[in-house]
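Report on one structure; see the data block that follows.
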Amino acid sequence: MLLLHSYHEGYEWTDSIHQGVLKSLRSPSGMDIRLYVEYLDTMRNPGEGHKEAMAALLRSKYTDRGVAFDLVICTDDDALVFVRRRGEALFGDVPKVFCGINDFTPGHIAGMTNITGVNEAKSIRETLEILFDLFPQVRTVAVVTGSRLAERRNHEQAQEITRSFRGKAKFDWYNELEPADLVKRLSELDPGTSVIFYLNYFLSPSGEAFSIGDSMKLITEATEAPLFVTADFLLSRGAMGGKVVSGHSQGEEAASLALRILSGERADDIPVVMESPNRYMFSQAALERYGISLQALPPASLLVAPDGSTVFADWEGASKKFFSGYDVFMKNVTPMLLIDPDSGAIVDANQAARTFYGYPGLQGMNIRQINMLPP
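Per the numbering used here, residue 15 is the first one in the sequence shown, and the count goes up by one each step.
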C-alpha cells in the first residue's frame with residue numbers, strides 16, 4: 015500500500031492524518047500490510063516543475079522497479095490531483111482512497127475509476143452557532159482568511175453562510191490582509207464584545223507564507239478576544255474551539271475504507287463518505303480563561319486538556335462530567351459504542367466497532383440502523 019501525502023512530514027495536519035491511518039491499519043484485521051509513505055511537499059514547493067520531479071522520483075523508485083501497489087491512499091487535494099493526472103502511468107488502475115478533500119464533489123474524481131474516499135467539509139455554520147451560544151454579548155465577529163486558494167474559498171463560503179446570522183452581530187472581513195494590517199485591525203478590537211473566527215491565514219497577498227504556529231501567534235498576540243476555529247490541530251495554540259475537522263479522523267476513515275477494499279470489496283461499490291467526521295472540540299484552558307462552563311457545551315464535546323490529552327464531556331443531564339477513559343475506549347480491541355440513551359444516536363464509536371459493523375462513519379447513525387435485536 016502507498017500512502018501519498020500532499021504536504022510534508024512535520025506539518026501538523028498531515029501528521030494527524032498519518033497517525034489516523036496507522037491507527038486503523040493496526041486494528042486486528044489479520045492483514046499483513048507493507049506500507050510505503052511518500053510526501054509530495056507541495057505546500058513548500060507548489061510549482062508544476064516540482065510535481066513533475068516528484069513523478070519522476072516515484073517512477074524511478076517504484077514503476078521502473080516493478081513495485082506494484084494493491085492500493086493507494088491520497089491525502090488532501092494536491093495528492094488526489096497528482097494521482098488523477100499521473101496515477102495510471104505510475105501505478106496502473108490500482109484502487110484508490112482519498113481523504114482531506116475540501117468540500118468534495120463528483121468533479122474531483124471525474125474520469126477516474128476504482129476510487130472512493132472521505133469528504134472534508136468545514137463546519138462553519140455549526141461553529142458560528144456555538145460561538146453565539148457561548149458569547150451572546152458579542153457585537154463583532156472578525157473573520158480571518160489568507161490568500162491561498164483554499165482560504166479564498168473559506169472566505170466565500172463564510173460570506174454565504176453568515177447571511178443567515180444577520181442581526182446577531184456585525185461581521186468584519188479580515189481577508190487577504192498583509193500581516194501588519196491584520197495585526198493592526200485585530201489590536202483595535204474590543205475583546206469584551208468581539209470574537210475572532212479564524213479560517214486559516216497561511217499566505218499573505220504578497221506571497222509571505224506562514225506556518226501554523228506563526229499564523230496563530232500572529233493572531234493571539236494581537237488580541238485577547240476569544241478565537242474560534244474549524245480544525246482540531248489549532249486547539250493547542252490558543253483557540254477556544256468549535257466544530258472541527260480532524261485529520262486523525264480523516265485518516266482513520268480512509269484506512270477503514272482501504273481495509274474493506276483489501277478484504278474484497280470494489281472501491282467503486284463503496285460510496286464516498288460525504289459526512290465529514292467533524293466533532294465539537296474545545297480547549298479546557300480557554301474555557302476556564304473565559305469562564306465558560308461545561309454545561310454550556312454541545313453534547314458529546316471533546317475537551318483538550320493542557321497536557322494535550324482529550325477528555326469526553328458526558329451528555330447525561332446537565333451535570334456533564336469528564337469521561338477520562340476516552341483514549342482507552344478508542345484503543346480497545348472490543349467493539350464499543352457511545353449511544354445517547356434517549357434517541358439511540360451513536361455519539362462515538364471506536365475503531366474495533368467500525369471494523370466489526372463495516373461502517374467507517376458510525377458517528378451520527380442510530381443504533382437501530384445496525385442492530386435489529388429487540389431492546
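C-beta atoms are modelled at their ideal positions from N, C-alpha and C, and glycine is treated no differently.
Proximity of residue i and residue j at Cβ, strictly below 8 Å
{"i": "Leu203", "j": "Thr154", "result": "yes"}
{"i": "Ser297", "j": "Ala245", "result": "no"}
{"i": "Leu94", "j": "Val51", "result": "no"}
{"i": "Gly265", "j": "Ala300", "result": "no"}
{"i": "Ile144", "j": "Tyr294", "result": "yes"}
{"i": "Phe179", "j": "Val157", "result": "no"}
{"i": "Ile47", "j": "Leu39", "result": "yes"}
{"i": "Ser137", "j": "Asp90", "result": "no"}
{"i": "Asp92", "j": "Thr56", "result": "yes"}
{"i": "Leu49", "j": "Leu72", "result": "no"}
{"i": "Val318", "j": "Leu249", "result": "yes"}
{"i": "Phe211", "j": "Phe242", "result": "yes"}
{"i": "Met45", "j": "Leu271", "result": "no"}
{"i": "Pro205", "j": "Thr234", "result": "no"}
{"i": "Met401", "j": "Phe96", "result": "The question about residue 401 has no answer, for the chain in this structure spans 15 to 389."}
{"i": "Lys257", "j": "Glu170", "result": "no"}
{"i": "Ala69", "j": "Arg100", "result": "yes"}
{"i": "Ala419", "j": "Asn116", "result": "Given that the chain is displayed from residue 15 to residue 389, the structure contains no residue 419 and the question cannot be resolved."}
Cβ-based neighbour list, residue i, same chain, cut-off 6 Å, excluding 5 preceding and 5 following
{"i": "Asn133", "result": "Phe118, Met288, Ser290"}
{"i": "Phe112", "result": "Cys88, Leu94, Gly131"}
{"i": "Arg251", "result": "Met230"}
{"i": "Gly24", "result": "none"}
{"i": "Thr77", "result": "Leu104"}
Per DSSP, cross-strand counterpart(s) of residue i
{"i": "Val259", "result": "Ala245"}
{"i": "Ile129", "result": "Lys110"}
{"i": "Arg293", "result": "Val258"}
{"i": "Thr77", "result": "BP columns for Thr77 are empty, so no partner."}
{"i": "Val51", "result": "Leu17"}
{"i": "Asn116", "result": "Glu134"}
{"i": "Asp90", "result": "Looking at the DSSP assignment, Asp90 forms no beta bridge with any residue, so it has no partner."}
{"i": "Leu155", "result": "The sequence given here places Val at residue 155; Leu does not occur at that position. Val155 is bridged to Phe185, Val209."}
{"i": "Ala363", "result": "Leu351"}
{"i": "Val287", "result": "Val132"}
Other residues of its chain near residue i: CB distance less than 8 Å, five sequence neighbours each side excluded
{"i": "Leu191", "result": "Arg199, Ser218, Pro219"}
{"i": "Ile353", "result": "Ala359, Ile360, Val361, Ile381"}
{"i": "Trp329", "result": "Bear in mind that a pLDDT of 43 at Trp329, under 50, signals an unreliable position, so the model cannot answer this."}
{"i": "Leu232", "result": "Pro193, Leu196, Val197, Tyr215, Phe224"}
{"i": "Phe370", "result": "Pro349"}
Inter-residue CB distance, residue i and residue j (contact presumed, cutoff 8 Å)
{"i": "Asn292", "j": "Ser260", "result": "7 Å"}
{"i": "Gln309", "j": "Lys37", "result": "Between Lys37 and Gln309 the Cβ distance is about 32 Å, and since that is not below 8 Å, they are no contact."}
{"i": "Leu148", "j": "Ile306", "result": "6 Å"}
{"i": "Ile226", "j": "Gly114", "result": "Rounded, the Cβ-Cβ distance is 15 Å, inconsistent with contact."}
{"i": "Thr159", "j": "Asn168", "result": "5 Å"}
{"i": "Val411", "j": "Ala268", "result": "Nothing can be reported for residue 411: it is not among the residues displayed for the chain, which extend from 15 to 389."}
{"i": "Ser201", "j": "Ala239", "result": "Between Ala239 and Ser201 the Cβ distance is about 10 Å, and since that is not below 8 Å, they are no contact."}
{"i": "Pro109", "j": "Ala281", "result": "4 Å"}
Close Cβ partners of residue i (< 7 Å) along its chain, the five nearest in sequence each way excluded
{"i": "Phe343", "result": "Met350, Asn364"}
{"i": "Thr348", "result": "Ala366"}
{"i": "Arg162", "result": "Phe216, Leu217"}
{"i": "Ala332", "result": "The pLDDT assigned to Ala332 is 30, lower than 50, so where the model puts this residue is not dependable; a value taken from the coordinates is nonetheless given after this. The answer, listed in chain order, is Gln309."}
{"i": "Ser41", "result": "Gln365, Ala366, Thr369"}
For the stretch 182-223, list the alpha helix (DSSP H) runs that are entirely contained and at least 4 residues long, ordered along the chain.
193-201
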